[in-house]
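Novice: Structure in structure tokens, see below.
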Amino acid sequence: MNPNEQLDGLLQTAFSRRNFVRGSFATVGALALGNVALGQAFAAEMTDLDILNFALTLEHLEARMYKDMLATNLLSGKELSYFQNFGKAEAAHVQAVAATVTKLGGTPVQPKAKYNFPAFDSRDNILKFAKTAEDIGVGAYSGAAPAIKNKDVLAAAGSILQIEARHAAIVNELLGLDPVPAAFTSAQTVQQVLDKVNPILGS
Amino acid sequence: MNKVNVELNRRNFIKVSAAAAVATALASAPRTIFAQSPTQDMEILQYALTLEHLETRAYKDVNASGLMSGTPAKYFQMFGAHEAAHVDALTATIQKLGGTPVKAQDKYNFPAFKSQDEVLKYFQGVEELGAAAYLGQAPRLQNPDLLSAAISIHDVEAQHAAVLSDLIGVSPAPDFGTPKSMSEVLAVVGPILAAQGAGNAPSTMPTTGAGGTNATLLELLTGGVALVGGGWLLRRRTSQPVENRDN
Chain A
1 MNPNEQLDGL
11 LQTAFSRRNF
21 VRGSFATVGA
31 LALGNVALGQ
41 AFAAEMTDLD
51 ILNFALTLEH
61 LEARMYKDML
71 ATNLLSGKEL
81 SYFQNFGKAE
91 AAHVQAVAAT
101 VTKLGGTPVQ
111 PKAKYNFPAF
121 DSRDNILKFA
131 KTAEDIGVGA
141 YSGAAPAIKN
151 KDVLAAAGSI
161 LQIEARHAAI
171 VNELLGLDPV
181 PAAFTSAQTV
191 QQVLDKVNPI
201 LGS
Chain B
1 MNKVNVELNR
11 RNFIKVSAAA
21 AVATALASAP
31 RTIFAQSPTQ
41 DMEILQYALT
51 LEHLETRAYK
61 DVNASGLMSG
71 TPAKYFQMFG
81 AHEAAHVDAL
91 TATIQKLGGT
101 PVKAQDKYNF
111 PAFKSQDEVL
121 KYFQGVEELG
131 AAAYLGQAPR
141 LQNPDLLSAA
151 ISIHDVEAQH
161 AAVLSDLIGV
171 SPAPDFGTPK
181 SMSEVLAVVG
191 PILAAQGAGN
201 APSTMPTTGA
211 GGTNATLLEL
221 LTGGVALVGG
231 GWLLRRRTSQ
241 PVENRDN
């Protein structure tokens with residue numbers, strides 16, 4: 001079984017049956033209403049390595065996405081400059097997360113040979129999909145972070161999350177949307193992340 | 001968690017604002033969770049609230065100043081509302097955990113802004129500091145529900161910082177976020193909190209390092225800085241030795 005297959009299996013078995021514990025404020029509220037065991041179960045079942053490889057899957061996707069977007073030559077000026085920086089950051093995240101997985105004794109998940117990206121055939125379509133991907137990244141990291149057990153790993157995840165959040169805000173701004181649409185970001189449940197990511201991964 | 005609280009939570013759950021929802025959810029978690037390290041978590045909440053009060057007042061003052069126009073003015077209204085929502089969420093959370101939320105100061109040592117450009121540069125520094133502060137404390141929070149809320153607020157501080165960076169023409173996002181410890185943050189905000197009669201506000205917010213002063217928190221607290229109104233800071237002084245607790 002190659003790492004991608006392993007990851008798919010991981011996602012389907014471990015993630016799909018349960019939410020990221022602190023997946024959203026709604027989830028937290030639900031926990032408060034009496035389903036506390038859910039959080040403990042998730043934290044117990046998911047290892048930091050599982051979470052890191054899930055993060056790495058998203059980072060691979062984002063790194064490839066920016067690479068493909070930049071190769072279109074459809075961006076210019078400040079947008080081009082920002083996307084070059086964002087792509088560089090995602091590539092750095094890939095390196096950092098993969099190194100962490102290795103350090104913890106795991107096998108870093110590899111990038112897919114192909115992703116089901118939409119056609120990057122216009123500046124608008126490029127920005128819109130970048131928003132989709134960055135929003136997923138923010139929601140996924142925000143949902144996963146509280147389940148991370150190793151505080152050093154948590155600190156590293158937070159450091160990456162902050163950059164995903166910044167990217168999301170800037171892409172919003174470039175699209176003419178409210179750059180920071182709410183006072184609190186919403187963490188995504190695993191199922192929410194999977195629903196959005198699986199079609200892109202071809203899973 | 002008693003039945004009354006559960007019922008209140010249930011009834012309010014759908015309707016409450018995001019801020020109230022955070023506070024309600026946090027405070028409804030079993031007390032046993034908070035027993036893990038309630039003192040450190042509470043200290044971090046009060047620290048965060050101290051910073052949020054400062055930010056809220058800063059936006060309020062500037063938004064009332066007439067200096068802002070155009071897109072930045074629109075953003076500043078939104079960002080100010082976000083900070084106020086953070087204050088509400090943290091205040092409610094501290095109260096429900098049995099603490100006494102630190103209050104906003106009557107006065108802060110903000111500079112006398114003369115232009116929108118000055119405002120933008122200062123606030124970019126404030127927001128960068130806020131993002132770094134939350135990033136520094138997140139791994140120290142013991143309660144995962146508090147961590148979840150802190151991360152959510154952290155994201156928004158970072159987004160404010162990114163947008164303000166864009167507005168002043170600097171890179172909105174490095175490759176990785178950099179955390180700051182409490183002492184690094186307080187070295188910068190100490191002079192802003194030392195408002196009463198000081199009148200020597202820093203004209204710019206440092207964007208890297210501990211900023212325009214090398215003072216550690218301990219030096220600030222023992223060096224005669226008048227932290228009047230910074231009730232949390234004063235209480236902190238009388239608690240355990242700072243150097244053993246800060247991180």
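Each protein sequence line maps, in turn, to chains A and B.
Numbering (the numbering used here) for the first sequence: 1 to 203.
Numbering (the numbering used here) for the second sequence: 1 to 247.
Ideal Cβ placement from N, Cα and C applies to all residues, glycine included.
Please read these numbers as outputs of a predicted model, since none were measured by experiment.
#1: Taking 7 angstroms as the limit between beta carbons, can you name the residues of its chain near glycine 177 of chain B, skipping five residues before and five after?
#2: Can you tell which of B:Phe113, B:Ser171 and B:Leu90 has the C-alpha that lies nearest to the C-alpha of lysine 103 of chain B?
#3: Within the chosen definition, does the region 135-154 of chain A reach the region 150-168 of chain B through at least 3 CB pairs nearer than 8 angstroms?
#4: Taking buried to mean at least 16 other C-beta atoms within 10 Å of its own C-beta, is valine 97 of chain A buried or exposed?
#5: Please state the DSSP three-state secondary structure of valine 109 of chain A.
#6: In or out: lysine 78 of chain A buried (at least 16 other Cβ within 10 Å) or exposed?
#7: Measure from the alpha carbon of tyrosine 108 of chain B to the alpha carbon of each residue in B:Asp61, B:Ala85 and B:Lys180, then state which is nearest.
#8: Under 7 angstroms, Cβ to Cβ, is there at least one residue of chain B near histidine 167 of chain A?
#9: Give the single residue among A:Phe86, A:Arg123 and A:Asn150 whose Cα lies nearest to the Cα of aspartate 50 of chain A.
#10: Rounded to whole angstroms, how far is the Cβ of alanine 169 of chain A from the Cβ of leucine 147 of chain B, which I believe are closer than 8 angstroms?
#11: Please name the residue, chosen from B:Asp106, B:His82 and B:Leu141, that lies closest to tyrosine 47 of chain B on a Cα-to-Cα basis.
#12: I want to verify the contact list: residues of chain A whose CB lies under 8 angstroms from the CB of proline 179 of chain B, in sequence order.
#13: Quick test of the definition: if touching needs 3 or more C-beta pairs under 8 angstroms, does the region 64-76 of chain A touch the region 116-124 of chain A?
#14: Looking at chain B, which residues of the region 184-200 of chain A have a Cβ within less than 9 angstroms of any of its Cβ atoms?
#15: Just reading off the alpha helix (DSSP H) that isoleucine 151 of chain B is part of, what are its end residues?
#16: Assign leucine 97 of chain B to one of three DSSP states: helix, strand, or coil.
#17: Exposed or buried, what is alanine 187 of chain B when buried is set at 16 or more other beta-carbons lying within 10 Å of its beta-carbon?
#18: Name the chain B residues whose beta carbon is nearer than 9 angstroms to that of asparagine 125 of chain A?
#19: Is the CB-CB distance between histidine 160 of chain B and alanine 183 of chain A below 7 angstroms?
#20: Could you tell me the distance, in whole angstroms, from the CA atom of proline 111 of chain B to the CA atom of leucine 161 of chain A?
#21: Could you have a look at aspartate 121 of chain A and say whether DSSP puts it in helix, strand or coil?
#22: Quick check on this structure: which residue in B:Ser165, B:Leu45 and B:Gly98 has the alpha carbon closest to the alpha carbon of histidine 86 of chain B?
#23: Please classify lysine 88 of chain A as buried or exposed, where buried requires at least 16 neighbouring CB atoms within 10 angstroms.
#24: If we cut at 7 angstroms on Cβ distances, does lysine 151 of chain A have a partner in chain B?
#25: Compute the beta-carbon to beta-carbon distance between threonine 56 of chain B and glycine 80 of chain B, rounded to the nearest angstrom, for a pair I have assumed lies under 8 angstroms.
#26: Mind checking which residues open and close the alpha helix (DSSP H) that includes aspartate 152 of chain A?
#27: Count the other C-beta atoms from every protein chain shown that fall within 10 angstroms of the C-beta of asparagine 172 of chain A, then say buried if there are 16 or more, exposed otherwise.
#28: Look up phenylalanine 83 of chain A in the DSSP assignment and say whether it is helix, strand or coil.
#29: Starting from phenylalanine 83 of chain A, find everything on chain B with Cβ-Cβ shorter than 7 angstroms and list it in chain order.
#30: Quick check on this structure: which residue in B:Asp88, B:His53, B:Thr93 and B:Val119 has the alpha carbon closest to the alpha carbon of alanine 73 of chain B?
#31: For chain B, find out if any of its Cβ atoms is closer than 7 angstroms to the Cβ of valine 109 of chain A; answer yes or no.
#32: For isoleucine 168 of chain B and glycine 105 of chain A, what's the separation of their Cα atoms in angstroms?
#33: Among A:Tyr82, A:Phe83, A:Ile148 and A:Thr57, which has the Cα closest to the Cα of methionine 46 of chain A?
#34: What residues of chain B sit near tyrosine 76 of chain A, judged by a beta carbon separation below 9 angstroms?
#35: Whose CA, out of A:Leu201, A:Gly158 and A:Leu127, lies closest to the CA of glycine 176 of chain A?
#36: Take alanine 55 of chain A and list the residues in its own chain whose beta-carbon comes closer than 6 angstroms to its own, dropping the five residues that flank it on each side.
Specialist: With the given structure in hand:
#1: Ala131, Leu135 and Ala158
#2: B:Leu90
#3: yes
#4: buried
#5: coil
#6: exposed
#7: B:Asp61
#8: yes
#9: A:Asn150
#10: About 22 angstroms; that fails the 8 angstroms criterion.
#11: B:Leu141
#12: Ala155, Gly158 and Ser159
#13: yes
#14: Phe184, Thr185, Ser186 and Ala187
#15: 144-167
#16: coil
#17: buried
#18: Near asparagine 125 of chain A there are no residues of chain B at all, since even the closest Cβ is about 22 angstroms away, more than 9 angstroms.
#19: no
#20: 32 angstroms
#21: coil
#22: B:Leu45
#23: exposed
#24: yes
#25: 7 angstroms
#26: 151-174
#27: buried
#28: helix
#29: Within chain B, no residue comes near phenylalanine 83 of chain A; the closest Cβ sits about 11 angstroms away, beyond 7 angstroms.
#30: B:Val119
#31: no
#32: 43 angstroms
#33: A:Ile148
#34: According to the sequence displayed, residue 76 of chain A carries serine and not tyrosine. Within 9 angstroms Cβ-Cβ: nothing; serine 76 of chain A doesn't reach chain B, min ~17 angstroms.
#35: A:Leu127
#36: Val97
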